[in-house]
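Note sheet for the following structure.
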Ligand code: SAH
């Protein structure tokens with residue numbers, strides 16, 4: 029199979045498993061070249077449903093996890109989104125096709141630079157990549173309609189709840205250790221109402 033056949037097969041797989049559910053999210057997966065967000069030597073695995081190493085001991089999330097989190101956020105064209113953990117920039121790239129603007133914070137300067145370059149190469153100009161500790165959020169652009177955290181936190185960082193709009197949605201893996209629970213939160217009356225969406229596996233959120 030060539031890369032475009034592999035991409036088609038992956039998307040069909042994600043649809044059949046119920047990870048991809050909405051037309052516009054499926055379209056975003058079709059558009060975004062995942063091969064632009066992984067090291068060139070790994071290109072042939074770009075459309076395997078697996079996490080891949082991206083340097084600095086970090087990974088690009090498996091496509092099914094990107095699908096699950098993107099669907100949970102119910103992305104809208106008017107949304108201003110905060111991502112914690114830019115990594116490769118792929119999750120931000122997918123979201124960039126579905127929302128107005130994304131601010132993504134990455135702790136590792138090398139990864140932030142790489143993510144910025146991959147996003148630019150792919151022609152996506154509504155994503156801002158910042159270096160910093162995303163557990164503090166990004167007060168300068170708060171509040172956000174949606175917040176996505178793509179590293180495992182031992183608890184939900186308070187600043188993120190504060191920087192989420194009333195009625196806004198947050199997706200965040202919570203737990204210490206290798207596995208976490210994927211938590212879906214909706215902010216109501218200043219508090220985050222949470223729901224557990226099942227086990228997941230992310231690299232840890234570091235401070
Ligand atoms: N969304 C990414 C997945 C990246 S893996 C993608 O699509 O490729 C998680 C990332 O979170 C890693 O790059 C790691 O360096 C970063 N990270 C860990 N702790 C962080 C923190 N406190 N603030 C910002 N980024 C953090």
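Residue numbers (this note's numbering): 29 to 235.
Glycine included, each C-beta is placed from N, C-alpha and C at the ideal position.
Please read all numbers here as calculations on a predicted model, not as lab measurements.
Residue 64 is classed as buried because its beta carbon has at least 16 other beta carbons within 10 Å across all chains shown. Using a cutoff of 6 Å, the CB of residue 214 does not count as near ligand 1, since none of the ligand's heavy atoms is closer than that. In the structure shown, residue 191 falls within a coil segment according to DSSP collapsed to helix, strand and coil. The Cβ atoms of residue 109 and residue 127 lie closer than 7 Å to each other. The Cβ-Cβ distance between residue 212 and residue 100 falls below 7 Å. Runs of the beta strand (DSSP E) lying entirely within the stretch 146 to 212, each at least 3 residues long, are 155 to 159, 172 to 177 and 192 to 202 in chain order. Residue environment: residue 59 is assigned as exposed (fewer than 16 neighbouring CB atoms within 10 Å of its CB, all protein chains considered).
The Cβ neighbour count for residue 102, taken over all protein chains shown within 10 Å, is under 16; the residue is labelled exposed. Between ligand 1 and the CB of residue 138, the shortest heavy atom gap is not smaller than 6 Å.
Three or more Cβ pairs closer than 8 Å define a contact, and the stretch 160 to 177 meets that threshold against the stretch 187 to 194. Taken in chain order, the complete alpha helix (DSSP H) segments of 4 residues or longer contained in the stretch 39 to 126 are 51 to 59, 91 to 100 and 118 to 124. DSSP places residue 219 within a strand segment (E or B) once states are collapsed to three.
Its chain contains 108 and 154 as the residues whose beta carbon lies nearer than 6 Å to that of residue 129, once the 5 sequence neighbours on both sides are disregarded; these appear in chain order.
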